[in-house]
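Asks: If you scroll down you'll find the structure; I have some questions about it.
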Amino acid sequence: MGKIVAKHVNADLFKALEEIPVHISTRIFEKMSKLEFTCYGPLQFIQQEAQSRNRSHNALLSSKTEGEGKLMMCYRIHITPSKIYCLGPEEEVSNYVVKHHKQYASDFARVTFVDEDWSKLFPDAISARTGRGFFSQPLKTGLYYHILSILKEGFCIGPKKYEFLAFSASQLRGSSVWMFASNDSLKAEDIRRWMGNFEEIRSVSKCAARMGQLFSSSRQTLEILPRDVEEIPDIEVTTDGTKYIFSDGIGKISERFAKEMACRIGLDYTNPPSAFQIRYGGYKGVVAVDPDSFRNLSLRPSMKKFESKSRMFNITSTSKSQPCYMNREIISLLSTLGIRDEIFELMQQDDMRELDEMLTNREAALSVLGKIGSAETKTASKILLQGYEPSLEPYLLMILKAHQDNRLTDIRTRCKIHVPKGRVLIGCLDETGELEYGQVYIRISKNSKEQKDNCQPYFSEDNGTEKTAVVVGRVAVSKNPCLHPGDIRVLEAVYDHGLYAKNLVDCVVFPQRGERPHPNECSGGDLDGDLYFITWDEKLIPEKVDSPMDYTAARPRIMDHVVTLESVAFQ
247 MGKIVAKHVN
257 ADLFKALEEI
267 PVHISTRIFE
277 KMSKLEFTCY
287 GPLQFIQQEA
297 QSRNRSHNAL
307 LSSKTEGEGK
317 LMMCYRIHIT
327 PSKIYCLGPE
337 EEVSNYVVKH
347 HKQYASDFAR
357 VTFVDEDWSK
367 LFPDAISART
377 GRGFFSQPLK
387 TGLYYHILSI
397 LKEGFCIGPK
407 KYEFLAFSAS
417 QLRGSSVWMF
427 ASNDSLKAED
437 IRRWMGNFEE
447 IRSVSKCAAR
457 MGQLFSSSRQ
467 TLEILPRDVE
477 EIPDIEVTTD
487 GTKYIFSDGI
497 GKISERFAKE
507 MACRIGLDYT
517 NPPSAFQIRY
527 GGYKGVVAVD
537 PDSFRNLSLR
547 PSMKKFESKS
557 RMFNITSTSK
567 SQPCYMNREI
577 ISLLSTLGIR
587 DEIFELMQQD
597 DMRELDEMLT
607 NREAALSVLG
617 KIGSAETKTA
627 SKILLQGYEP
637 SLEPYLLMIL
647 KAHQDNRLTD
657 IRTRCKIHVP
667 KGRVLIGCLD
677 ETGELEYGQV
687 YIRISKNSKE
697 QKDNCQPYFS
707 EDNGTEKTAV
717 VVGRVAVSKN
727 PCLHPGDIRV
737 LEAVYDHGLY
747 AKNLVDCVVF
757 PQRGERPHPN
767 ECSGGDLDGD
777 LYFITWDEKL
787 IPEKVDSPMD
797 YTAARPRIMD
807 HVVTLESVAF
817 Q
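With this note's numbering applied, the sequence shown corresponds to residues 247 to 817, in that order.
Okay, structure coming up:
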């Protein structure tokens with residue numbers, strides 16, 4: 247835990263604290279308490295943090311839109327084998343459940359089970375093997391029963407008793423759950439009943455996933471009446487006795503309504519995203535903009551996960567141009583399919599050389615940041631465009647060094663190599679039915695370097711001035727995680743006038759024809775928000791590919807009774 251040298255606790259320090267609002271000074275001390283080193287300059291630390299938080303607060307106020315706020319205050323509780331640590335409240339992205347019950351927001355808590363040093367609990371701490379080999383049996387440890395008792399009976403902090411509520415998929419990976427301090431007006435069971443009707447779901451794992459669906463970080467917009475929503479049929483094909491749903495998880499949104507939603511979440515309504523990942527009642531998935539659609543929403547049965555009376559339209563993410571990186575898994579599979587290892591080494595060397603050059607060369611820095619095109623690099627890009635040199639501007643150099651350190655760590659630990667001729671895009675469906683099996687439609691927003699380069703034969707309808715371009719030619723498509731050589735598919739990217747007219751940008755459009763959906767061939771993916779790795783770099787496209795693996799899901803364990811809370815929390 248962070249410490250302050252006693253001699254620096256003086257009148258100047260207290261005077262500085264008097265000028266800072268209490269809620270800001272509280273958060274500054276919370277951050278200071280988490281430092282892993284002694285703070286020898288507490289006055290400077292507090293002043294810098296206060297200025298930084300003031301800038302962030304002003305930026306937050308200036309970016310508010312008509313929709314619900316993106317952030318909420320949340321209490322966090324870390325439970326170790328011997329102690330309970332109370333943290334917060336801290337800002338984090340909101341979710342619909344807490345926002346709807348905002349008058350009881352202080353009764354919600356994110357509870358994480360951690361080791362004594364706050365590191366992640368290892369499986370051996372929960373369950374140990376009594377022997378070796380096939381006949382070894384797992385032995386539940388004392389820590390397992392300690393966690394079990396907390397989930398079953400809850401725990402008390404002062405007058406509040408926190409009870410298990412639910413958990414999202416991301417929380418499950420992080421050993422975390424949502425808990426609620428029930429009171430006379432609202433209990434945890436009341437919240438679960440309000441969330442939806444889960445009685446028809448007889449699989450424990452599915453029931454838990456559906457309960458956590460509404461806890462996904464999202465932006466709340468407005469309530470949509472049932473008359474503005476239509477249900478359209480799924481596109482299904484049966485091949486060799488297996489039913490495939492080509493439209494699994496995807497629907498449509500009208501262009502007018504998409505513009506309204508873009509405005510509500512603070513985006514440019516004149517150029518709305520082409521696709522929104524949503525939560526609407528018991529529906530979950532993606533809706534793509536369709537200029538020919540007259541209903542606000544057109545949803546499919548594959549998107550409906552459970553019955554719910556909620557009508558709030560929640561947006562979890564939108565389609566956007568994301569830089570493309572190879573990781574260790576993709577490199578291994580491409581190498582298995584015949585791509586020479588020298589190609590990966592050269593790309594890594596180019597990546598590292600550019601990272602070194604950007605610290606001393608303004609044009610190199612603009613080139614590196616332009617290829618990424620993410621929100622995190624906007625500040626540095628603005629400073630560079632004003633004419634500042636990295637070697638002469640300390641603040642700019644600090645930002646670039648932080649980016650370099652982050653990238654070098656990714657290269658060293660994950661073999662994360664940037665692919666200039668590629669993108670990571672959300673998957674959508676060809677609603678026109680024009681694409682054939684083996685074809686895809688990809689229209690991307692060009693980064694600054696691509697806009698300057700006029701010699702790009704893989705871009706169609708590109709006159710060097712357009713900010714978007716359609717990719718044509720052979721492309722390699724995959725989805726993380728990928729473990730089988732057949733997870734990498736080689737498809738033909740084509741230009742289609744009908745899809746171009748629909749203005750689908752920064753998404754990969756898959757066909758609705760064929761014996762099996764291409765997303766399913768890529769690690770068993772679907773269209774409910776999965777992101778796909780796409781490259782049109784000829785050096786990374788295999789000449790031959792393996793047959794895709796069969797990803798038919800195993801039949802889930804079905805209960806002969808309604809799934810109970812005990813089953814969700816303790817199995």
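Where is the CB? At the ideal position from N, CA and C, for every residue including glycine.
Classify H628: buried if its beta carbon has 16 or more other beta carbons within 10 angstroms, exposed otherwise.
Replies: It is worth fixing the name first, because residue 628 is Lys in this sequence and not His. Flag for K628 reads exposed.
Asks: Round the Cβ separation of V360 and H324 to the nearest angstrom and send it over; I've been treating them as touching at under 8 Å.
Replies: 5 Å
Asks: Going by DSSP in three states, H392 sits in which element: helix, strand or coil?
Replies: helix
Asks: Between the C-alpha atoms of D258 and L289, what's the straight-line distance to the nearest angstrom?
Replies: Near 8 Å, if we compare the C-alpha coordinates of L289 and D258.
Asks: Please return the same chain residues whose Cβ sits closer than 6 Å to the Cβ of K551, not counting the five positions on each side in sequence.
Replies: R456, G528, K530
Asks: What are the partner residues of R720, as DSSP defines its beta bridges?
Replies: E738
Asks: Taking C-alpha atoms, which residue in A371, H346, D480, L397 lies nearest to K386?
Replies: When each option's Cα is compared against that of K386, the closest is A371.
Asks: With a cut-off of 8 Å, do at least 3 Cβ pairs link the segment 586 to 605 to the segment 671 to 682?
Replies: no
Asks: Out of M318, D699, P794, state which residue places its alpha-carbon closest to the alpha-carbon of S340.
Replies: M318
Asks: If you follow the beta strand (DSSP E) that C753 is part of, which residue opens it and which one closes it?
Replies: 753 to 756
Asks: Provide the residue(s) that pair with N443 in DSSP beta bridges, ordered along the chain.
Replies: In DSSP, N443 forms a bridge with E553.
Asks: Considering only residues of the same chain and omitting the five flanking positions on each side of S309, which have a CB-CB separation below 8 Å?
Replies: With a pLDDT of 41 at S309, under the threshold of 50, the predicted position of this residue should be treated as unreliable, though the coordinate-derived value follows. Around S309: G512.
Asks: Hey, quick one: how far does the beta strand (DSSP E) through L411 stretch, first residue to last?
Replies: L411 -> beta strand (DSSP E) spans 406 to 412.
Asks: Label Y321 either buried or exposed according to how many other C-beta atoms from any shown protein chain fall within 10 Å of its C-beta, with 16 as the threshold for buried.
Replies: Buried: at least 16 other Cβ atoms inside 10 Å.
Asks: Since G673 contacts L773 with CB under 8 Å, what's their CB separation in whole angstroms?
Replies: 5 Å
Asks: How about the segment 531 to 551 and the segment 789 to 800: do they share at least three Cβ pairs that are nearer than 8 Å?
Replies: With the cut-off at 8 Å, the segment 531 to 551 and the segment 789 to 800 do not touch.
Asks: Over the uninterrupted alpha helix (DSSP H) stretch that includes C509, give me the two end residues.
Replies: 501 to 510
Asks: Could you please give the first and the last residue of the uninterrupted beta strand (DSSP E) stretch that includes S691?
Replies: 685 to 691
Asks: Based on the DSSP secondary-structure assignment, which residues constitute the bridge partners of C701?
Replies: The partner list for C701 (beta bridge, DSSP) is empty, contrary to what the question assumes.
Asks: Three Cβ pairs or more, each shorter than 8 Å: is that satisfied between the segment 492 to 504 and the segment 756 to 772?
Replies: yes
Asks: Which residues in the same chain have their Cβ closer than 8 Å to the Cβ of K366, if we skip the five residues on either side of it in sequence?
Replies: V360, G420, S421
Asks: Could you spell out where the alpha helix (DSSP H) holding A626 opens and where it closes?
Replies: 624 to 631
Asks: Whole angstroms is fine: what's the gap from P410's alpha carbon to D486's?
Replies: For clarity, residue 410 is Phe in the given sequence; the question names Pro instead. Computed Cα separation, rounded: 44 Å.
Asks: Please check the pair P794 and E575, which I expect to be a contact at CB under 8 Å, by giving their CB distance rounded to whole angstroms.
Replies: Not confirmed; about 16 Å, so no contact.
Asks: Which whole-angstrom value is the C-beta distance of I690 and R669, which I expect to be below 8 Å?
Replies: 6 Å
Asks: Go through its chain and collect everything with a Cβ distance to L432's Cβ below 6 Å, but skip five positions before and after it.
Replies: Y350
Asks: Could you check whether the Cβ of P479 sits closer than 8 Å to any heavy atom belonging to the ligand ADP?
Replies: Questions concerning the ligand ADP fall outside what the structure shown contains, since it holds no ligand whatsoever.
Asks: With DSSP as the reference, please indicate the residues paired to K489 in a beta bridge.
Replies: T484
Asks: Applying the 10 Å Cβ sphere with the 16-neighbour rule, what's the burial state of N542?
Replies: buried
Asks: Does the Cβ of L630 have 16 or more other Cβ atoms within 10 Å, making it buried, or fewer, making it exposed?
Replies: buried
Asks: List the DSSP bridge partners of H346.
Replies: H346 pairs with nothing; no bridge assigned.
Asks: For the alpha helix (DSSP H) that K277 lies in, which residues bound it at each end?
Replies: 268 to 279
Asks: In its own chain, which residues sit with a C-beta less than 8 Å from the C-beta of S373, not counting the 5 before and 5 after it?
Replies: P384, L385, K386, T387, Y390
Asks: Straight-line CA distance for A262 to E276?
Replies: 17 Å
Asks: Does the Cβ of R465 have 16 or more other Cβ atoms within 10 Å, making it buried, or fewer, making it exposed?
Replies: R465 comes out buried.
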